[in-house]
Amino acid sequence: MGKEFLTETHRSVTLNVTGGKIDSFREKEETTGTVRVYENGCIGVAGCLGTPDENALTDKAREALALGIPYPCKLDGALEQENLNEKEIIPVSKLIPTMQSFLDRLGDACPRFAFSNKISLNYRKTEYRNSLGRHLTSSGSNMDIQLLAQNRGSGNLFDTSFGYKGADFDPDALLSQFGKEYDAFYTSADITPGRYPVVMDISDLFGGTLQHFIAEMYASGASLLSGKLGKKVFSDRLSLKNDMNPATNPGVCFFDTEGCVAPDLRPTLIDRGTLVGLLTTKKSAEKLNLPNTGTAAASYDGVPTLGFNRFYAEPTAPTLSALVPGKAIYIVMTSGGDITPGGHFASPVQMSYLMENGRLVGRLPELNIGGDFSDFLGNDYIGAVRGDPSPDSMLCAVVMDVNM
């Protein structure tokens, strides 16, 4: 009988911001434990909230084998690995005064904006062990600032947003970056319809394509990628991964719930234009005869299913100005887009800036962007940059059709 034992601890403090002032906070801590056992092609799962009793959970998991839930026993072999990032970003006792001071400075720098939404400080620690001697431990923290900005008197709930997520807090650097966006917001810019380099967060670009990487969808023939595994179908400049590396995704666990550890801690989907991986669990990989990329997730008392952290594209340029010299469109907010079954992508853009040589020039009116799935991952894909304009940025540039 094979066995896995997991414990997870999550701690978070979330501040609610209204009108630039912190008006409430919520502090949360949760510990969970999980035992999964495998025998005769079946899985038994038991979980608990709070500090786990491993022996008691093991007994319950064995009893659950009687349910006959099919799942292969594919435990990975012995490995001792840990990635512990215990550095304190801000002491919890100082979080409220520190962030209120930051908000006050931000309000002074951006007097025509009213800020609202959330700021959170998060910590996560995960430990995995199995009966073959594998023992993995991961821990880390992140500061997550997600502010909505209302142009005072506009009548809108919000007009733009400022965001940051990272393992450090540098108020001066954030104020400088947010100040540049503020100045550009009040400078009008315009463009004529046509094809332009479009710069956007990687999740905005690839988020709508995620379903096409799911193994079951691929095998059914419903994915735009069906039949292309192992084939070079995209740009040489495109290497796309699931970012489980704490160095670039602070606070993430570097292994999946089944104890899989990817090379460079990033399961690879596309490698220099070649489709090399899909989103799988050990069960779906075996059932569909596909390689397992190690992208499983599970609730503390549930059977493993698919999981995903965030996209990572291998950088192709050191800065935005090097990635897209000349004019480009920098997208801040886009919502409501979709991809048709034939692969055509279109989306309205609620907030964007005209950018020249990596510098924000002015705010553009609302516009629409579009293109073809195979094109914006192929000939129209320009590349990616990380750490510009802010340390947590992961931006991609693609040539798209732009209409007003």
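Start counting the sequence shown at 1236; every next residue gets the next number (my numbering). For every residue, glycine included, the Cβ atom is placed at its ideal position computed from N, Cα and C.
Assumed close pair residue i, residue j - CB separation to whole angstroms, cut-off 8 Å
i	j	result
residue 1430	residue 1635	7 Å
residue 1396	residue 1409	Residue 1396 to residue 1409, Cβ: 13 Å. No contact.
residue 1266	residue 1285	6 Å
residue 1499	residue 1484	About 12 Å separates the two Cβ atoms, so there is no contact after all.
residue 1419	residue 1588	5 Å
residue 1464	residue 1353	Residue 1464 to residue 1353, Cβ: 39 Å. No contact.
residue 1414	residue 1345	7 Å
residue 1608	residue 1444	7 Å
residue 1459	residue 1268	Residue 1459 to residue 1268, Cβ: 40 Å. No contact.
Residue of the options minimising C-alpha distance to residue i
i	options	result
residue 1573	1403, 1277 and 1606	1606
residue 1276	1248, 1536, 1290 and 1238	1238
residue 1610	1470, 1279, 1284 and 1629	1470
residue 1476	1587, 1437 and 1547	1547
residue 1394	1628, 1293, 1569 and 1312	1569
residue 1399	1465, 1387, 1378 and 1519	1378
residue 1604	1625, 1585, 1626 and 1581	1581
residue 1313	1365, 1352 and 1473	1365
residue 1340	1402, 1433, 1273 and 1256	1256
residue 1332	1390, 1258 and 1368	1258
residue 1621	1575, 1421, 1562 and 1557	1557
residue 1562	1426, 1310, 1511 and 1584	1426
residue 1389	1362, 1421 and 1369	1421
residue 1533	1560, 1466 and 1363	1363
residue 1347	1280, 1417 and 1461	1417
residue 1264	1248, 1272, 1627 and 1240	1248
residue 1303	1280, 1309 and 1311	1280
residue 1633	1515, 1459, 1566 and 1488	1566
residue 1310	1549, 1571 and 1278	1278
residue 1448	1627, 1503 and 1274	1503
residue 1549	1628, 1486 and 1489	1628
residue 1595	1584, 1576, 1564 and 1575	1564
residue 1623	1462, 1593, 1638 and 1369	1593
Under 8 Å between C-beta atoms of residue i and residue j
i	j	result
residue 1392	residue 1385	yes
residue 1551	residue 1494	no
residue 1287	residue 1337	no
residue 1434	residue 1555	yes
residue 1631	residue 1513	no
residue 1535	residue 1282	yes
residue 1424	residue 1387	no
residue 1305	residue 1517	no
residue 1544	residue 1478	yes
residue 1272	residue 1300	yes
residue 1432	residue 1559	yes
residue 1351	residue 1252	yes
residue 1529	residue 1496	yes
residue 1183	residue 1404	There is simply no residue 1183 to check, as the chain begins at 1236 and stops at 1639 in what is shown.
residue 1446	residue 1625	no
residue 1298	residue 1240	no
Residue range of the unbroken beta strand (DSSP E) whose run includes residue i
i	result
residue 1357	1348-1365
residue 1290	Residue 1290 -> not in any beta strand (DSSP E); alpha helix (DSSP H) instead, spanning 1289-1299.
residue 1452	That residue, residue 1452, is in no beta strand (DSSP E); its alpha helix (DSSP H) goes 1450-1455.
residue 1496	Counting along the chain, residue 1496 falls outside any beta strand (DSSP E), and DSSP gives it neither H nor E.
residue 1709	Nothing about residue 1709 can be read from this structure; the chain reaches only from 1236 to 1639.
residue 1506	1503-1506
residue 1324	Segment: none, residue 1324 is in no beta strand (DSSP E) and carries neither H nor E.
residue 1248	1237-1253
residue 1258	1256-1274
residue 1446	Segment: none, residue 1446 is in no beta strand (DSSP E) and carries neither H nor E.
residue 1468	Looking at the DSSP string, residue 1468 is not in any beta strand (DSSP E), and its letter there is neither H nor E.
residue 1616	1616-1621
residue 1528	Per DSSP, residue 1528 belongs to no beta strand (DSSP E) and is neither H nor E.
residue 1511	That residue, residue 1511, is in no beta strand (DSSP E); it is neither H nor E in DSSP.
residue 1591	1579-1591
Run of the alpha helix (DSSP H) containing residue i, from where it starts to where it stops
i	result
residue 1533	Note, residue 1533: premise wrong, no alpha helix (DSSP H); not H, not E.
residue 1639	From DSSP, residue 1639 is part of no alpha helix (DSSP H); its letter is neither H nor E.
residue 1417	1406-1420
residue 1521	1517-1523
residue 1555	1555-1558
residue 1337	1327-1344
residue 1610	1608-1611
Contact with chain C by residue i, beta-carbon distance below 8 Å
i	result
residue 1566	Chain labels in this structure do not include chain C; a single protein chain is all it has.
beta-carbon residue i near the ligand MG non-hydrogen atom, thresh 7 Å
i	result
residue 1255	What this structure holds is no ligand at all, so the ligand MG is not there to describe.
Tell me whether the region 1540-1555 and the region 1603-1615 touch, counting them as touching only if at least three CB pairs, one residue from each stretch, are closer than 8 Å. no
I'd like to know if the region 1515-1535 and the region 1451-1463 are in contact, where contact means that at least 3 CB-CB pairs between them fall below 8 Å. yes
On the three-pair Cβ rule with 8 Å, is the region 1433-1452 touching the region 1594-1602? They do not touch, by the three-pair rule.
Can at least three beta-carbon pairs, one atom from the region 1367-1375 and one from the region 1316-1329, be found at a separation below 8 Å? yes
Give a yes or no on contact between the region 1239-1250 and the region 1356-1363, applying the rule of three or more CB pairs nearer than 8 Å. Short answer: they touch.
Should the region 1291-1299 be called in touch with the region 1497-1515, which here means at least 3 C-beta pairs below 8 Å? no
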